[in-house]
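Undergrad: Pasting a structure here, questions to come.
Residue numbers (our numbering): 4 to 380.
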């Protein structure tokens with residue numbers, strides 16, 4: 004029996020050594036030993052405050068490991084204001100957009116907060132205790148931030164609010180903004196969505212948004228592209244805004260503005276006046292020439308083009324009858340009237356308009372142009 008006990012002891016010792024788990028004292032004792040090694044460099048009168056800070060910093064790591072959360076990392080000499088608030092913004096806190104600075108440590112992924120609520124020695128001890136405990140037992144909390152690469156695909160804020168999600172790999176996100184606050188839901192494919200929010204200094208909504216690797220990107224009205232940690236909301240980096248391709252809405256708006264500008268230009272109005280004068284003759288080619296000149300030049304011009312086509316249709320022109328019927332069916336640029344639309348299209352068909360029968364069947368009977376024309380899909 005003694006031999007068996009001795010053999011079991013040797014076995015346990017061998018396993019302990021092989022697994023690299025030397026026997027150590029309880030956690031408070033280990034903290035005390037580490038703190039004692041550093042106290043010699045602290046003035047005797049301040050050792051009590053330094054010790055309290057060291058214990059506090061080390062406890063952040065041990066409690067974070069127990070709770071399965073990521074702690075804030077205390078740092079010295081970090082400029083105010085604090086980077087992020089949970090709950091409503093404290094009364095009297097003022098934000099300045101110009102003071103934006105990265106808030107997340109790229110080496111560990113921790114959101115940084117200013118230490119030193121009590122004294123300089125407490126703050127120094129808190130930082131030392133945190134760093135010692137992180138290196139000793141908390142390396143599983145470290146999550147380095149990848150090299151920031153600005154996304155190539157951005158979405159305008161208007162498009163995003165109209166339902167276009169942000170996507171990157173298996174991740175998707177939706178962003179909401181109100182004055183003083185920014186919130187977003189993030190979802191990894193196959194997992195429930197999660198919500199993060201932070202105070203936001205900019206008084207205006209973002210202009211462009213994008214999603215990158217573990218980062219939500221926002222472009223501000225001031226021309227800054229800001230990367231936020233998707234999980235914590237901390238600022239990872241700040242870049243100068245890049246040029247973007249206009250969104251579909253912006254492209255269409257820009258096109259409309261250019262068209263309206265051209266419509267009101269002296270050159271266009273001069274040509275229009277000449278055609279109007281010629282159309283006073285009542286000749287169908289002259290009526291159609293004015294309508295063609297006006298078509299596609301904005302709402303005001305399209306309404307006038309419809310009037311000229313109606314005059315030509317009333318005089319029996321099949322092409323004009325077809326155009327009037329299609330305008331009435333779609334309600335552009337005049338109110339919808341499908342009864343009158345069919346009447347004009349039937350008249351165009353009877354007058355020999357070659358496409359009228361196909362269009363009647365497509366609009367009113369659910370036919371497809373390819374089926375009607377006898378061509379393959």
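For each residue, glycine too, the CB sits at the ideal point set by N, CA and C.
Which value, in whole angstroms, describes the spacing of the CA atoms of residue 128 and residue 74?
TA: Distance between the alpha carbons of residue 128 and residue 74 is about 17 Å.
Undergrad: To which residues of the same chain is residue 348 closer than 7 Å at the C-beta, ignoring the five residues directly before and after it?
TA: Cβ within range, chain order: 325, 328, 359, 362 and 363.
Undergrad: Give the DSSP-derived three-state secondary structure of residue 198 in the structure shown.
TA: Residue 198: strand per DSSP, three-state reduction.
Undergrad: So the candidates are 160, 179, 285 and 294; which of them puts its Cα closest to the Cα of residue 210?
TA: Among 160, 179, 285 and 294, the Cα nearest to that of residue 210 is on 160.
Undergrad: Per DSSP, which residues does residue 31 bridge with? Please list them.
TA: None; residue 31 has no bridge partner.
Undergrad: What number of angstroms, rounded off, separates the C-alpha of residue 77 from the C-alpha of residue 107?
TA: Computed Cα separation, rounded: 11 Å.
Undergrad: With a cut-off of 8 Å on the beta carbons, I'd call residue 289 and residue 336 a contact; round off their distance for me.
TA: About 21 Å; that fails the 8 Å criterion.
Undergrad: Just the Cα atoms here: how many angstroms apart are residue 297 and residue 331?
TA: Straight-line Cα distance between these residues: approximately 18 Å.
Undergrad: Looking at the strands, I want to know which residues DSSP matches up with residue 177.
TA: Answer is 188.
Undergrad: Have a look at residue 36 and residue 216 and give me their C-alpha separation to the nearest angstrom.
TA: Between residue 36 and residue 216, the C-alpha separation is close to 41 Å.
Undergrad: Residue 228 and residue 234 - do their beta-carbons sit closer together than 7 Å?
TA: No, these two residues do not count as a Cβ contact at 7 Å.
Undergrad: In terms of residue numbering, what span does the alpha helix (DSSP H) encompassing residue 277 cover?
TA: Run containing residue 277: 269-282, per the alpha helix (DSSP H) assignment.
Undergrad: Please report the distance separating the alpha-carbon of residue 268 from that of residue 200.
TA: Approximately 49 Å between the Cα atoms of the pair.
Undergrad: Under the DSSP definition of a beta bridge, which residues are partnered with residue 171?
TA: Its beta-bridge partners are 174.
Undergrad: Out of 48, 114, 144 and 264, which has the shortest C-alpha to C-alpha gap to residue 300?
TA: The shortest C-alpha separation from residue 300 is found at 264.
Undergrad: Hey, which unbroken runs of the alpha helix (DSSP H) at 4 residues or more fall wholly within the segment 279-311?
TA: Runs of the alpha helix (DSSP H) inside the segment 279-311: 287-297.
Undergrad: For my contact list, residue 287 and residue 315 are in at a C-beta cut-off of 8 Å; report their separation, rounded to the angstrom.
TA: The pair is a contact, with the Cβ atoms about 5 Å apart (cut-off 8 Å).
Undergrad: Taking 8 Å as the threshold, find out whether the segment 50-70 comes into contact with the segment 133-153 through three or more Cβ pairs.
TA: Segments in contact, yes.
Undergrad: Just to confirm, are residue 278 and residue 292 a CB contact at a threshold of 7 Å?
TA: Closer than 7 Å, so yes.
Undergrad: Hey, out of 134, 182 and 188, whose CA is closest to residue 174's CA?
TA: Nearest of 134, 182 and 188 to residue 174, Cα basis: 188.
Undergrad: Under the criterion of a Cβ to heavy atom distance below 6 Å, does residue 169 qualify as lining the ligand ADP?
TA: The ligand ADP is not part of this structure, which contains no ligands at all.
Undergrad: Which word fits residue 321, buried or exposed, when buried means at least 16 other C-beta atoms lie within 10 angstroms of its C-beta?
TA: By the neighbour-count rule (16 or more Cβ atoms within 10 Å), residue 321 is buried.
Undergrad: Between residue 241 and the rest of its own chain, which residues show a CB-CB distance below 8 Å, the 5 nearest in sequence each way excluded?
TA: Once the five neighbours on either side are set aside, the close Cβ partners of residue 241 are 103, 104, 105, 227, 228, 229 and 230.
Undergrad: Let me make sure I understand the geometry here. Which of 245, 238, 219 and 239 has the alpha-carbon closest to that of residue 225?
TA: Residue 245 is the option with its Cα nearest to residue 225.
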